[in-house]
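Chains as they are written, first to last, in the working numbering: chain E, 3 to 351; chain U, 3 to 351.
Structure first, then comments.
There are 2 protein chains.
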Amino acid sequence: MFGTTYPIIQAPMAGGTTTPALVAAVSNAGALGSLGAAYMTPAQIRDTVAEIRRLTDRPFAVNLFAGGHDSPHDVDPTAMLAILARHHEALGLQRPTMPAWPADRFPEQFEAVLEARPAIFSFTFGLPAEAIRRARDAGIRTVGTATTVDEAQRLEAAGIDAVVAQGSEAGGHRGTFAGPFENAMIGTMALVPQVVDAVSVPVIASGGIMDGRGIVAARALGAAAVQMGTAFLGCDEAGVAEAHRTALEAGHEDAATVTRAFSGRPARGLVNDFMRDVHAAEKAGPVTLPFAVHGALTGPMRRQASRVGDIERMSLWSGQGVRMFRRMPAAELVRRLVEESATVAAGLG
Amino acid sequence: MFGTTYPIIQAPMAGGTTTPALVAAVSNAGALGSLGAAYMTPAQIRDTVAEIRRLTDRPFAVNLFAGGHDSPHDVDPTAMLAILARHHEALGLQRPTMPAWPADRFPEQFEAVLEARPAIFSFTFGLPAEAIRRARDAGIRTVGTATTVDEAQRLEAAGIDAVVAQGSEAGGHRGTFAGPFENAMIGTMALVPQVVDAVSVPVIASGGIMDGRGIVAARALGAAAVQMGTAFLGCDEAGVAEAHRTALEAGHEDAATVTRAFSGRPARGLVNDFMRDVHAAEKAGPVTLPFAVHGALTGPMRRQASRVGDIERMSLWSGQGVRMFRRMPAAELVRRLVEESATVAAGLG
Numbered sequence: 003m004f005g006t007t008y009p010i011i012q013a014p015m016a017g018g019t020t021t022p023a024l025v026a027a028v029s030n031a032g033a034l035g036s037l038g039a040a041y042m043t044p045a046q047i048r049d050t051v052a053e054i055r056r057l058t059d060r061p062f063a064v065n066l067f068a069g070g071h072d073s074p075h076d077v078d079p080t081a082m083l084a085i086l087a088r089h090h091e092a093l094g095l096q097r098p099t100m101p102a103w104p105a106d107r108f109p110e111q112f113e114a115v116l117e118a119r120p121a122i123f124s125f126t127f128g129l130p131a132e133a134i135r136r137a138r139d140a141g142i143r144t145v146g147t148a149t150t151v152d153e154a155q156r157l158e159a160a161g162i163d164a165v166v167a168q169g170s171e172a173g174g175h176r177g178t179f180a181g182p183f184e185n186a187m188i189g190t191m192a193l194v195p196q197v198v199d200a201v202s203v204p205v206i207a208s209g210g211i212m213d214g215r216g217i218v219a220a221r222a223l224g225a226a227a228v229q230m231g232t233a234f235l236g237c238d239e240a241g242v243a244e245a246h247r248t249a250l251e252a253g254h255e256d257a258a259t260v261t262r263a264f265s266g267r268p269a270r271g272l273v274n275d276f277m278r279d280v281h282a283a284e285k286a287g288p289v290t291l292p293f294a295v296h297g298a299l300t301g302p303m304r305r306q307a308s309r310v311g312d313i314e315r316m317s318l319w320s321g322q323g324v325r326m327f328r329r330m331p332a333a334e335l336v337r338r339l340v341e342e343s344a345t346v347a348a349g350l351g
Numbered sequence: 003m004f005g006t007t008y009p010i011i012q013a014p015m016a017g018g019t020t021t022p023a024l025v026a027a028v029s030n031a032g033a034l035g036s037l038g039a040a041y042m043t044p045a046q047i048r049d050t051v052a053e054i055r056r057l058t059d060r061p062f063a064v065n066l067f068a069g070g071h072d073s074p075h076d077v078d079p080t081a082m083l084a085i086l087a088r089h090h091e092a093l094g095l096q097r098p099t100m101p102a103w104p105a106d107r108f109p110e111q112f113e114a115v116l117e118a119r120p121a122i123f124s125f126t127f128g129l130p131a132e133a134i135r136r137a138r139d140a141g142i143r144t145v146g147t148a149t150t151v152d153e154a155q156r157l158e159a160a161g162i163d164a165v166v167a168q169g170s171e172a173g174g175h176r177g178t179f180a181g182p183f184e185n186a187m188i189g190t191m192a193l194v195p196q197v198v199d200a201v202s203v204p205v206i207a208s209g210g211i212m213d214g215r216g217i218v219a220a221r222a223l224g225a226a227a228v229q230m231g232t233a234f235l236g237c238d239e240a241g242v243a244e245a246h247r248t249a250l251e252a253g254h255e256d257a258a259t260v261t262r263a264f265s266g267r268p269a270r271g272l273v274n275d276f277m278r279d280v281h282a283a284e285k286a287g288p289v290t291l292p293f294a295v296h297g298a299l300t301g302p303m304r305r306q307a308s309r310v311g312d313i314e315r316m317s318l319w320s321g322q323g324v325r326m327f328r329r330m331p332a333a334e335l336v337r338r339l340v341e342e343s344a345t346v347a348a349g350l351g
């Protein structure tokens, strides 16, 4: 699939996690590396893709957020600013202020991806029909993210080459783009076979897959490949705060909670003080802002917390399989996943 | 495992679903039938077990609710009575009234199970340490239900023979007994391997498993057996309202919602008008009553709705794998599950 040796995809995690070193090491090991480029400028996309190409001649994917960016409108940030003020103080930062509403970067980012011509363009949060068509015309394979059968069918109708079926176990952002996310928390065990039955394109299983057991289970359910995020956070090459990795090593499955606290969109991570404060305030009504602006509001706190290793104020993205987290170089992880899969499959024969 | 030919357990669904004909047909086909006896009197348990024994000499399980029964205390049923009044009217029933607080039946039910001596005593909602000990002393194998790694470890410490790892996909009641249920919505793909790694007793996977693909996936994750509920609702022998089966045939994964509306405890079923009314009211605060009394309050509505086939007012328990639902006799379902599993496993070799 996609010209890789193994049907294993390193998930595109945005925000600096998927360094060129990680993407290239994964692809060089025979799996598919993915650059999470959602927070990058067009120039950064161009430069980072060039850097990956210096490190590997194998296929890799570039991923963008394709949807969910609200246009500027009046919001009331009072509650969020009050919560943030306490956490800014704990970090020694100045009082938070409401940022300017960021523009939707997808159109210009997508042009940069088209020019960079990665083997695969993958995306989440939406169904960019025009971008799918243009990528295909340029010889770039397209992969979209679905959290329900309906979303998978919509992606197929738009001409997608493969669908990621993102189960509720997955860490990081929920990819839901049609309907309320609460209805789209379908476990991988149930989601994958139902998507496989409903579409004719290859299905990539994601959510809760951490080792060879999960890979073989996904194949049994009919998936053509797996996509793994949390597992690749343990790779030396990943751009992850050391404190985040230490938290994952101590993490439990029932602490990996879905929250809007950090970005305004539902995403799964290990619960911490900032999440608890936002969730407590949410009991009285919504407090987070639209995704388009919320991330800019919490950015100073998240960046400073990552710099100083304060796990109570950074986003500790994690899937529910966190007890299976382990640290090693990317090439070693891919090698072990392949070996484990062969052993598990042989035991089922 | 447990003396059955196949590592497949028909889940114990209480409330008349697991008829003697179903339990016996499943056990006679080489899987393990389970009687959901949680709503039965001791005499009913005795008589029903005797009836099952007339139909099979194979092992079967008897299941009880072992925990979560609050003692009588003041509650305010105003909001629930107002919601119920509308649905009673739609069914032509008299206005609802607050029932007497039912006693905890577990102690006397358990004595009846001990006397009936099924091969297996399984339970959910708790950790009845004394009952586990007495069952083992009587030569009855014990199976408890866990929704987190912590719960599985507690069951093992109490001397359990096997643990059901109930993933978030599962239909019907959540078995959570330690900690808030919201934290214990772990998908089967993530829950099973983490429980397997944490305990040394056999692990039974449940949640989202509907056909041979799910069975082989569960085995790949390290499960010794699977437990399936929704799949067995399609058996001719199951005591299920015809309207419920028709709803399952038309059901979608994103409509199988967790609700407290019917019993006061979180349980997964297809969304309908009654659930929507309760959920709308819950936006202003909790409206359901403790499990011990809530089921008695909604009982007249549920029973009348089942009698007349009104799917908007009955509990349409369903897991998230509902699009894979199919109708056939129990012996045929077990035969197909075994054949499908062999085919899927062979394809992975």
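By construction, the Cβ of each residue, glycine as well, lies at the ideal position given by its N, Cα and C atoms.
Nearest neighbour of residue i, chosen from the options [CA to CA]
| i | options | result |
| --- | --- | --- |
| Ala-386(U) | Gly-189(U), Val-203(U), Ile-85(U) and Asp-199(U) | Outside the shown range of chain U (3 to 351) lies residue 386(U), about which nothing can therefore be said. |
| Arg-305(E) | His-89(E), Ala-68(E) and Gln-322(E) | His-89(E) |
| Glu-251(E) | Gly-323(E), Ala-133(E) and Glu-53(E) | Gly-323(E) |
| Gly-214(E) | Val-197(E), Gly-224(E) and Ala-233(E) | Ala-233(E) |
| His-246(E) | Ala-192(E), Phe-327(E), Gly-287(E) and Leu-339(E) | Phe-327(E) |
| Leu-335(E) | Phe-4(E), Leu-57(E), Gln-12(E) and Gly-297(E) | Gln-12(E) |
| Thr-147(E) | Asp-139(E), Ala-180(E) and Arg-138(E) | Ala-180(E) |
| Gly-236(U) | Ile-142(U), Ala-225(U) and Gly-253(U) | Gly-253(U) |
| His-175(E) | Phe-125(E), Val-145(E) and Ala-140(E) | Phe-125(E) |
| Asp-72(U) | Leu-86(U), Trp-103(U), Gly-321(U) and Val-242(U) | Trp-103(U) |
| Ile-162(U) | Pro-182(U), Gly-94(U), Leu-24(U) and Glu-153(U) | Glu-153(U) |
| Leu-93(U) | Gly-231(U), Arg-325(U), Arg-337(U) and Arg-309(U) | Arg-309(U) |
| Ala-357(E) | Thr-150(E), Val-197(E), Val-64(E) and Leu-318(E) | Since the first residue shown for chain E is 3 and the last is 351, residue 357(E) is missing from the structure and cannot be characterised. |
| Ala-207(E) | Met-82(E), Tyr-41(E) and Ala-227(E) | Ala-227(E) |
| Pro-130(U) | Leu-66(U), Asn-30(U), Ala-167(U) and Glu-171(U) | Leu-66(U) |
Residues that residue i contacts on chain U, provided the C-beta gap is smaller than 8 angstroms
| i | result |
| --- | --- |
| Asp-199(E) | Arg-325 and Met-326 |
| Glu-255(E) | Thr-150, Val-151, Ile-188, Ala-192, Leu-193 and Gln-196 |
| Asn-185(E) | Asp-256, Ala-257 and Thr-259 |
Reduced DSSP secondary structure (H/G/I, E/B, other) of residue i
| i | result |
| --- | --- |
| Thr-50(U) | helix |
| Thr-43(E) | coil |
| Arg-270(U) | strand |
| Ala-343(U) | Correcting the residue identity first, residue 343(U) is Ser in this sequence and not Ala. Ser-343(U) falls in the helix class under three-state DSSP. |
| Val-310(E) | helix |
| Thr-144(U) | strand |
| Met-15(U) | coil |
| Met-330(E) | strand |
Where the alpha helix (DSSP H) through residue i begins and ends
| i | result |
| --- | --- |
| Leu-129(E) | Where Leu-129(E) is concerned, there is no enclosing alpha helix (DSSP H), given that its DSSP letter is neither H nor E. |
| Val-242(E) | Note, Val-242(E): premise wrong, no alpha helix (DSSP H); not H, not E. |
| Thr-228(E) | Reading off the sequence shown, one finds Val at residue 228(E), where the question assumed Thr. No alpha helix (DSSP H) holds Val-228(E); the beta strand (DSSP E) holding it covers 227-230. |
| Ala-26(E) | 22-30 |
| His-281(U) | 275-284 |
| Val-218(E) | 214-222 |
Closer than 7 angstroms at the beta carbon, the chain U residues around residue i
| i | result |
| --- | --- |
| Ala-347(E) | Leu-350 and Gly-351 |
| Ala-222(E) | Arg-215, Val-218, Ala-219, Ala-222, Val-346 and Leu-350 |
| Ser-170(E) | Ser-170 and Gly-189 |
Range covered by the beta strand (DSSP E) that runs through residue i
| i | result |
| --- | --- |
| Ile-10(E) | 10-12 |
| Thr-259(U) | 258-261 |
| Ser-36(E) | 35-38 |
| Val-64(E) | 62-67 |
Neighbouring residues, chain E, relative to residue i (Cβ below 8 angstroms)
| i | result |
| --- | --- |
| Ala-102(U) | The contacting residues do not exist; Ala-102(U) stays about 33 angstroms from chain E at best. |
| Gln-322(U) | Ile-188, Gly-189, Ala-192 and Leu-193 |
Within chain E, the residues that residue i reaches when beta carbons sit closer than 9 angstroms
| i | result |
| --- | --- |
| Arg-278(U) | Going along chain E, no residue has its Cβ under 9 angstroms from Arg-278(U), so there is no contact; the nearest lies around 12 angstroms. |
Residue i CB to nearest heavy atom of the ligand HEM below 7 angstroms
| i | result |
| --- | --- |
| Ile-188(U) | As far as ligands go, the structure on display features none, and thus does not contain the ligand HEM. |
Identify every run of the beta strand (DSSP E) within the segment 146-208 of chain E, keeping only runs that are complete inside it and at least 3 residues long; order them along the chain.
-> 164-168 and 205-208
Which runs of the alpha helix (DSSP H) spanning at least 4 residues fall entirely within the segment 80-128 of chain U, listed in chain order?
-> 80-93 and 108-118
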